[in-house]
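Let me begin by presenting the structure, written as structure tokens, before commenting on it.
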Amino acid sequence: DTGVSQNPRHKITKRGQNVTFRCDPISEHNRLYWYRQTLGQGPEFLTYFQNEAQLEKSRLLSDRFSAERPKGSFSTLEIQRTEQGDSAMYLCASSFRDRGREYFGPGTRLTVT
Amino acid sequence: DAKTTQPPSMDCAEGRAANLPCNHSTISGNEYVYWYRQIHSQGPQYIIHGLKNNETNEMASLIITEDRKSSTLILPHATLRDTAVYYCIVGAISGGSNYKLTFGKGTLLTVNP
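These protein sequence lines are chains E and L, in that order.
When we follow the working numbering, the leftmost residue of the first sequence carries the number 7, and every step to the right adds one.
When we follow the working numbering, the leftmost residue of the second sequence carries the number 18, and every step to the right adds one.
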């Protein structure tokens, strides 16, 4: 059973550097979501793709953040000019027919020093 | 803003039933109740969802009050591995709007030996 995978699992970077995370959803899932989670909080929605189309972006997704899903399969989330406030767990999830029933990956933990 | 209210923490003895409450007094007629849980350092995991009827699956039971303003997630025989943060989420599956999960802070359930 291949679930949602995310790479890398951990990333430490210096402030001002760019980072890119990858998410591979479950193969038949056409919807893909990115969330961010900080310590003690629930995950916060960032953006959502249906196939290759990015259909919604949260206000949390500043212009330093960009997400792509070029062929409707894997997705990347890039953060440019990282700031210490970007330190968080970045979670990816995918779903098929059942909106609301999402399958989450293990997350990428970003630490900005 | 999260549409649900949950206690921040609960304890349960191993082998006993864990009953996790959730208030959602502003729920709309087309909104479902979803439950997810998040074990430490993992991504959230879907548990169950329902509209107005009680639901049961291999993981848990969901009891929704007749007025739909509150619900209870029941883990019938809690084990140490059920220690996690449990999130109650309300939202609509159908309709033209893009659906996304809005997590609150959830309830930290600690199962004690």
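By construction, the Cβ of each residue, glycine as well, lies at the ideal position given by its N, Cα and C atoms.
Same chain only: Cβ atoms within 6 Å of L/G112, ignoring 5 sequence neighbours per side: Residue placement at L/G112 is flagged as unreliable, the pLDDT there being 46, under the threshold of 50; the coordinate-derived value follows with that caveat. The answer is none, since no qualifying residue turns up.
Span of the beta strand (DSSP E) around L/I66: Checking the displayed sequence, the identity of residue 66 of chain L turns out to be His instead of Ile. Run containing L/H66: 62 to 67, per the beta strand (DSSP E) assignment.
Validate contact between the segment 57 to 74 of chain E and the segment 30 to 37 of chain L using beta carbons, cut 8 Å, 3 pairs: Three or more beta-carbon pairs separated by less than 8 Å are not found between the segment 57 to 74 of chain E and the segment 30 to 37 of chain L, which leaves the two stretches without contact.
Range of the contiguous beta strand (DSSP E) that encloses L/M27: Here the beta strand (DSSP E) through L/M27 covers 26 to 30.
Residues sharing a beta bridge with L/P38, DSSP: Beta-bridge annotation (DSSP): L/P38 is paired with L/T89.
Residues of its chain near E/K17, where Cβ-Cβ distance is below 8 Å and the 5 sequence neighbours each way are ignored: V25, F27, T114, R115, L116, T117
Spatial distance of E/M95 from L/T96 (CA atoms): 27 Å
Cross-chain neighbours of L/Q23 in chain E, by beta carbon under 7 Å: Contacts between L/Q23 and chain E, judged by CB atoms closer than 7 Å, are missing: the closest CB pair is about 10 Å apart.
Chain-order list of residues whose beta-carbon lies under 7 Å from that of L/T43 (same chain, five-residue window excluded): K20
Assigned exposure category for L/I106 - 16 Cβ within 10 Å defines buried: Label assigned to L/I106: buried.
Range of the contiguous beta strand (DSSP E) that encloses E/M95: 94 to 101
Interface partners of L/T119 on chain E, CB under 9 Å: G48, E50, F51
Outcome for E/L66 when other beta-carbon atoms lying within 10 angstroms are tallied against a minimum of 16: exposed
Exposure label - E/A59; buried when at least 16 CB within 10 Å: Result: exposed.
Span of the beta strand (DSSP E), counted from its first residue to its last, around E/T26: 25 to 30
Burial state of E/P49 (16 or more Cβ within 10 Å): Counting every other CB atom within 10 Å of its CB across the protein chains shown gives E/P49 a total of 16 or more, marking it as buried.
Under 7 Å by beta carbon: chain L residues contacting E/G113: Residues of chain L whose Cβ lies closer than 7 Å to the Cβ of E/G113 are, in chain order, G60.
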